[in-house]
Amino acid sequence: MRSGSIARQSRLVVACASGLLLAMTFALSLGTRALAADPTFPALSGRIVDQARLLSAEREAEITAKLEQLETDTGDQFVVVTLNSLEDYQIEDYGYRLGRTWGIGNAESDSGVLLIVAPNERKVRLEVGYGLEPVLTDALSNQIIQNDILPPFRQSGFEEGISAGVDAVIEQLRLDPAEAQARAAAAVPTEADEPVFPVLIIALIFLFLFLNLMRGVGRSGRRRRSSDGLGQVVLWGVANALSSAATSRSSGGSGFSGGGGFSGGGGSFGGGGASGGW
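Once you know that position 5 of the sequence shown is 5 in the UniProt record's numbering, the rest is easy, because the numbers rise by one and skip nothing.
Printed below as a string of structure tokens:
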């Protein structure tokens, strides 16, 4: 009985320590990110922004025609962008910021999609606007990346991978809404598609308990100031995280044009989609 109680206590200590470590790492990393320079986005020069020069002129024209026809037929805006660098950002963070800055998609329906390819970091992402999340879910986006985009990428076939990804997304967006949602629901989610906020909330609870303990333990003024300083840094990082999450779920782009007769329609993004690497 006693040994069972000790084992349970040990598991609890390990769980608490793991949650605390996760929360502190998350908060401090956000604080560091907030001090870093904002990413510099390329100009929105058209439906394809090939900064990394992965596409031939012929292939770019071919894909552009498909994207134009999609918008004409459905109102959905789909933009392909290749990047020289993610500027030390995670592609998920870069992607939703880019989508909001460019305002891809209709402002009323938020029907925008970005296919982002960063060859130097060997990363790819489908960034999905709010309005298309029911038919282009995280799980289905991941399926398209894994089945259509990455196999050619692994053989340095960037043109083939981008074309296959574009075709798969367009095929899904052209389906009847009921059929599209049924197909999306049938896609099997992976662990990467599961939401992380429940885990984060639990970890934050342990974080606040730890900070309260630190304040209570500090007996001298010097120790108290030290613990308060740590608490302020971590709490500032947490506040930053919550503010960013709220902003990403409530604020959309106002539309952006880099010339060439094409501009975003003010669509909003909040982190929907999937990423992959090769």
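Even glycine gets a Cβ: it sits at the ideal position worked out from N, Cα and C. In this text the structure is predicted, and so the values were computed from the model without any measurement.
1. Sort K66, E58 and V80 by Cα distance to A52 and report the nearest one.
2. Out of curiosity, what's the CA-to-CA distance linking A65 and R47?
3. Kindly indicate which residue of Y96, L140 and D176 has the alpha-carbon position closest to the one of F41.
4. Let's test the definition: count the other Cβ atoms within 10 Å of the Cβ of Q146 and tell me whether it reaches 16, buried, or not, exposed.
5. Can you tell me where the alpha helix (DSSP H) holding R100 begins and where it ends?
6. Give the single residue among A187, L132 and P152 whose Cα lies nearest to the Cα of S111.
7. Consider the C-beta atom of S109 and the heavy atoms of the ligand ADP; say whether any pair is separated by less than 6 Å.
8. Excluding sequence positions up to five away, which residues of its chain have a Cβ less than 7 Å from the Cβ of P39?
9. Work out the CA separation of V135 and A180 for me, nearest whole Å.
10. Looking only at its chain, what residues have a beta carbon closer than 6 Å to the beta carbon of P152, apart from the 5 residues adjacent to it on each side?
11. Going by alpha carbons, who is nearest to I116 out of F262, I149 and A139?
12. Just to confirm, is the Cβ distance from E121 to G99 under 7 Å?
13. Under the three-state reduction of DSSP, which class applies to D148: helix, strand or coil?
14. For E127, name the three-state secondary structure that DSSP assigns.
15. Do D76 and L173 have their CB atoms nearer than 7 Å?
16. On the DSSP bridge assignment, give the partners of N106 in chain order.
17. Reducing DSSP to helix, strand and coil, say where T82 ends up.
18. Measuring only the C-alpha atoms, how far is A178 from I170?
19. Residues in its own chain within less than 8 Å of T74 by CB, not counting five upstream and five downstream?
20. Pick helix, strand or coil for Q77, following the three-state DSSP scheme.
21. When DSSP labels each residue in this structure, what does S56 get in the three-state scheme?
22. Go to D117, then tell me how far its beta strand (DSSP E) extends in each direction, as first and last residue.
23. Which residues share a DSSP beta bridge with A274?
24. The alpha helix (DSSP H) spanning residue 279 covers which residue range?
25. Give a yes or no on whether the C-beta atoms belonging to V124 and G276 are separated by under 7 Å.
26. Just the C-alpha distance for residue 279 and E58, rounded to the nearest angstrom, thanks.
27. To the nearest angstrom, how far is it from the Cα of W278 to the Cα of S85?
28. When you compare each of D138, G157 and Q155 to R183 by their alpha carbons, which one comes out closest?
Concretely, from the data shown:
1. Minimum Cα distance to A52 is reached at V80.
2. Cα to Cα, the separation comes out at about 9 Å.
3. Y96
4. exposed
5. I91 to W102
6. Of the listed residues, the one whose Cα sits closest to S111 is L132.
7. Although the ligand ADP was asked about, the structure shown includes no ligands whatsoever.
8. So the list reads E87, Y89, Y94 and R97, once near-sequence residues are dropped.
9. 5 Å
10. E160 and G161
11. I149
12. no
13. Correct three-state label for D148: helix.
14. strand
15. yes
16. Beta-bridge annotation (DSSP): N106 is paired with G266.
17. strand
18. 16 Å
19. S111, L173 and R174
20. strand
21. coil
22. Asp is not the amino acid found at residue 117; the sequence shown has Val there. From DSSP, the beta strand (DSSP E) with V117 extends over G112 to A118.
23. Per DSSP, the beta bridge partners of A274 are L126.
24. The structure shown does not extend to residue 279, since the chain is modelled only from 1 through 278, so no value can be given for it.
25. Yes, the Cβ-Cβ distance between V124 and G276 is below 7 Å.
26. Outside the modelled stretch of the chain, which goes from 1 to 278, sits residue 279, for which no answer is possible.
27. 16 Å
28. Comparing Cα positions, the closest option is D138.
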